[in-house]
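Protein chains in written order, with UniProt numbering: chain A, 1 to 405; chain B, 1 to 405.
No residue lacks a Cβ here, since even glycine has one placed at the ideal position from N, Cα and C.
To keep things clear, I will list the structure first and then write my remarks on it.
Protein chains: 2
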Amino acid sequence: MRVLLVGAGGVGTAITRIAARRAFFDTMVVADYDPARAEAAVTALGDDGRFVADTVDAGDEAAVAALLARHRCDVLLNATDPRFVMPLFRAARTAGATYLDMAMSLSRPHPHRPYEECGVKLGDEQFTQAADWEKSGTLALVGMGVEPGLSDVFARYAADELFDDIEEIGIRDGADLTVDGYDFAPSFSIWTTIEECLNPPVVYEAGRGWFTTAPFSEPEVFDFPEGIGEVECVNVEHEEVLLVPRWIDARRVTFKYGLGREFVETLKTLHLLGLDRTDPVTVRSAGGPVAVSPRDVVAACLPDPATLGERMRGKTCAGTWVRGSKGGAPREVYLYHVVDNQWSMAEYGCQAVVWQTAVNPVVALELLAAGTWSGSGVLGPEAFPARPFLDLLTAYGSPWGMREQ
Amino acid sequence: MRVLLVGAGGVGTAITRIAARRAFFDTMVVADYDPARAEAAVTALGDDGRFVADTVDAGDEAAVAALLARHRCDVLLNATDPRFVMPLFRAARTAGATYLDMAMSLSRPHPHRPYEECGVKLGDEQFTQAADWEKSGTLALVGMGVEPGLSDVFARYAADELFDDIEEIGIRDGADLTVDGYDFAPSFSIWTTIEECLNPPVVYEAGRGWFTTAPFSEPEVFDFPEGIGEVECVNVEHEEVLLVPRWIDARRVTFKYGLGREFVETLKTLHLLGLDRTDPVTVRSAGGPVAVSPRDVVAACLPDPATLGERMRGKTCAGTWVRGSKGGAPREVYLYHVVDNQWSMAEYGCQAVVWQTAVNPVVALELLAAGTWSGSGVLGPEAFPARPFLDLLTAYGSPWGMREQ
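Structure representation (structure tokens):
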């Protein structure tokens with residue numbers, strides 16, 4: 001297997017470090033817009049001869065297709081931000097390569113009823129091209145990070161092995177991470193967090209289909225395992241709600257993010273003041289008036305989460321809560337994966353949230369290389385057998401857990 | 001009297017409209033950095049031949065002194081933002097003109113104990129030059145808007161006519177203004193509001209002198225008159241606390257601003273995220289990286305308060321609450337001035353907060369022109385007899401009130 005990894009940010013760099021310990025691939029080309037970032041990721045791996053740094057603009061579809069051809073890559077792994085999903089997805093199709101990403105094409109709210117009906121949904125742009133991928137016998141494995149990704153694998157595992165009938169599948173994400181020396185320091189990209197949290201959250205119900213609610217709806221306190229404890233969670237737009245119902249029977253699918261009360265209030269304030277906007281405003285500067293996106297300014301005022309690993313303490317938990325019945329009796333389980341930042345920093349030099357996102361596409365690549373997972377079309381993680389994935393994840397030194405409720 | 005008015009923003013424009021109805025002056029030169037703003041203010045007054053538009057950079061001390069000389073002005077009225085206090089104050093001194101402002105030279109927090117001790121206090125830079133003004137027999141009347149300004153006049157009135165002994169003087173400012181069509185739209189410059197509210201609030205106590213507290217300290221609910229009702233008020237850095245104790249005996253002086261709970265939380269969030277900062281951050285733009293001040297971006301995301309008068313409803317109240325004794329009996333009064341936005345828009349085309357600030361320096365100029373008020377040195381409004389001011393304010397059609405508590 002010859003992989004083109006696009007994006008050498010936090011997650012991309014963690015992918016190289018995890019992959020470097022595995023033998024399943026021949027070459028991994030690490031390409032970034034910033035040549036220094038790609039070089040730094042490759043250099044950090046020492047004398048592993050399988051990694052090559054290169055430069056590419058992820059928004060330039062033709063350049064990406066040419067890079068795939070030049071390095072004879074059969075897989076494109078997208079580790080950039082969601083704005084680049086479509087050019088990378090199309091470039092892989094053009095080059096005949098397998099495609100993987102960890103977030104799907106962006107949504108657009110309903111023009112008149114944004115908090116009641118879906119407009120363009122997450123992944124819609126990708127799924128409209130499914131027939132084309134199927135026809136050519138090529139695979140696009142979409143949403144293959146931790147959430148979406150491992151959370152979808154958990155859903156498939158629950159449907160296959162734990163339940164006869166599923167009432168509700170609820171992804172629940174929470175953490176107790178703190179950053180020394182900062183009163184406020186998100187552990188993940190604030191740009192993406194705003195995008196996720198202020199877009200209308202999507203919910204699925206059998207019979208009704210997908211619909212949206214107001215941001216931060218249905219607050220609930222969820223008790224996370226391994227000492228993290230209770231965190232307030234709210235509905236957030238997330239890929240799992242769009243993926244799970246395509247392959248798994250469940251009467252309701254939700255995603256709730258354990259943002260905590262303070263963070264929710266902070267995001268509401270940013271929205272109230274229009275500081276979440278991405279369209280530019282005109283501001284004075286020493287060199288005269290300039291046009292900047294308020295959301296970029298918010299990001300610039302906060303520390304870069306990729307640099308915070310050393311100062312971070314605590315654990316992050318991703319998981320899937322399932323309620324239904326087995327053998328006629330009601331059952332409720334939470335399937336979860338916890339990463340302790342101290343462990344991921346010591347073991348890989350990567351902060352917990354980034355490492356947890358990165359490990360899953362590497363496991364998936366290894367299953368594809370071995371032929372354990374195979375398919376064609378645009379498929380989510382729940383389209384594949386779950387057990388081999390969970391076993392291989394454990395073999396990577398990062399076991400998952402299950403709590404009967 | 002020949003007046004140079006520097007600044008043709010909201011307050012400057014309101015000053016011209018109020019002054020145009022009075023006969024006490026011969027000429028008012030309206031100068032602004034933006035020639036169009038000065039022209040617009042003068043043009044709006046029709047055929048009143050006493051007003052002249054001109055252009056000046058308020059930060060250019062020599063240019064301002066030259067402008068005073070060129071127009072033979074004997075008074076400089078500063079209606080710019082507080083960053084320009086010192087160059088304008090010095091320019092007036094150079095030219096031998098009387099100086100008036102509505103906000104004083106800026107403070108700088110104590111380098112080590114910002115929330116316990118004062119560093120450089122509001123007005124310190126001006127008061128250090130008091131001897132020079134006195135020696136030359138020239139007057140700088142500082143803090144002569146509504147707050148500081150009318151609030152200080154109220155304090156003097158209370159000391160002269162209502163009390164034998166004063167325990168506490170507390171300026172209390174509150175409003176019930178709303179802006180149609182906006183969830184969040186401050187009625188005054190957000191830049192200045194952040195400056196006022198996030199600087200360490202200053203408090204005066206006899207024996208202890210001036211000291212600071214943490215922002216938003218000592219929240220209290222104050223009941224404002226004329227239907228405004230209860231508003232949560234918190235300590236804020238304001239000039240009155242520095243002015244009143246210099247001329248009036250009181251055991252405690254405070255300033256509390258009726259920001260309301262939501263606004264306080266909003267300012268706290270801006271501070272938590274570093275969006276109140278004025279030092280530039282580097283942000284991407286279409287034309288490459290640029291350096292902008294986050295606080296300027298916050299201001300750019302919000303509507304310009306000067307343009308909101310038509311959409312605003314409600315009243316604003318400035319006042320001075322005094323507690324002490326008279327004739328051996330305890331007494332407590334609130335002296336106040338309320339402006340209804342509907343009235344100020346109909347009568348002057350100016351929104352309430354801006355009009356209320358602007359009327360007071362015009363009244364003061366008229367008292368100086370008549371010789372009712374006179375003096376030399378750097379003096380606050382409480383250095384002058386209060387009764388003539390309050391009577392003339394009433395004659396301007398804008399009466400004040402008093403509530404015995």
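Tell me, to the nearest whole angstrom, how far the beta carbon of V6 (chain B) is from that of A44 (chain B); I am working on the premise that it is less than 8 angstroms.
-> Not really, about 18 angstroms apart at Cβ, beyond 8 angstroms.
Pairwise C-alpha distance: V42 (chain A) and E167 (chain A) | 46 angstroms
Rounded separation between A346 (chain A) and G46 (chain A) - CA only | 17 angstroms
Taking the alpha carbon of E232 (chain B) as the point to measure from, which residue in B:E240, B:L335, B:V362, B:E218 has its own alpha carbon closest?
-> B:E218
Can you check the region 277-365 of chain A for any alpha helix (DSSP H) of at least 4 residues that lies completely inside it and give the ranges in chain order?
-> 294-301, 341-348
What separation, rounded to the nearest whole angstrom, lies between the Cα atoms of P399 (chain B) and E195 (chain B)?
-> 30 angstroms
Taking 8 angstroms as the CB-CB limit, is G274 (chain A) close to chain B?
-> yes
Own chain residues within Cβ distance below 7 angstroms of D26 (chain A), not counting five before or after = M1, R2, R50
Can a CB atom of chain B be found closer than 8 angstroms to the CB of A286 (chain A)?
-> yes
Residue of B:R251, B:F255, B:R93, B:G309 minimising C-alpha distance to T178 (chain B) | B:G309
Measure the alpha-carbon distance for Y33 (chain B) versus V56 (chain B) and round it to whole angstroms.
-> 5 angstroms
So which of A:T269, A:G170, A:W247, A:T138 has the shortest CA-CA distance to E237 (chain A)?
-> A:G170
Taking 8 angstroms as the CB-CB limit, is D124 (chain A) close to chain B?
-> no
Check the Cβ of F184 (chain B) against every Cβ in chain A and list those closer than 8 angstroms, keeping chain order.
-> L272, L273
Determine, using beta carbons only, whether V244 (chain B) and L270 (chain B) come nearer to each other than 8 angstroms.
-> no
Mapping DSSP to helix, strand and coil, what is C233 (chain A)?
-> strand
Beta-bridge partners of D173 (chain B), as assigned by DSSP | B:Y257, B:A318
How would you call A329 (chain B), buried or exposed, if buried means at least 16 neighbouring beta carbons within 10 angstroms?
-> exposed
Counting only the same chain and skipping the five closest in sequence on each side, list residues whose C-beta sits under 6 angstroms from that of T372 (chain B).
-> P388
Helix, strand or coil for L248 (chain A), going by three-state DSSP, please let me know.
-> Here residue 248 (chain A) turns out to be Ile, not Leu, going by the sequence shown. The answer is coil: DSSP assigns I248 (chain A) none of H, G, I, E or B.
For the region 139-163 of chain B, which segments carrying the alpha helix (DSSP H) assignment without a break, of at least 4 residues, lie completely within its bounds, in sequence order?
-> 150-157
So does the region 111-124 of chain B actually touch the region 255-273 of chain B, counting three or more Cβ pairs closer than 8 angstroms?
-> no
Are the Cβ atoms of L88 (chain B) and L76 (chain B) separated by less than 8 angstroms?
-> yes
Determine the contact status of P200 (chain B) and T213 (chain B), defining contact as a CB-CB distance below 8 angstroms.
-> yes
At least one CB of chain A closer than 8 angstroms to the CB of D26 (chain B): is that the case?
-> no
How about R156 (chain B) and E382 (chain B): are their beta carbons less than 8 angstroms apart?
-> yes
Does the separation of the CB atoms of M102 (chain A) and T357 (chain A) fall below 8 angstroms?
-> yes
Contacting residues, own chain, Cβ-Cβ under 8 angstroms from T98 (chain A) (five flanking each side not counted) = D74, V75, L76, A92, T138, L139, A140, L141, L368
Can you give me the start and stop residues for the alpha helix (DSSP H) that L76 (chain A) sits inside?
-> First-last for L76 (chain A): 75-78, but that is the beta strand (DSSP E), not the alpha helix (DSSP H).
So the alpha helix (DSSP H) W210 (chain B) belongs to, where does it begin and stop?
-> Not the alpha helix (DSSP H): W210 (chain B) falls in the beta strand (DSSP E), residues 209-212.
Does P200 (chain A) come within less than 8 angstroms of chain B when only Cβ atoms are used?
-> no
Should A19 (chain A) be labelled buried (16 or more other beta-carbon atoms within 10 Å of its own) or exposed?
-> buried
Taking 8 angstroms as the cut-off, decide whether the C-beta atoms of Q342 (chain A) and S187 (chain A) are in contact.
-> no
In this structure, what does DSSP give as the bridge partners for R108 (chain A)?
-> A:V120
Who are the neighbours of D296 (chain A) on chain B, taking C-beta pairs under 7 angstroms?
-> V283, R284
Neighbour-count burial assignment, T316 (chain B), 16 or more Cβ in a 10 Å radius = buried
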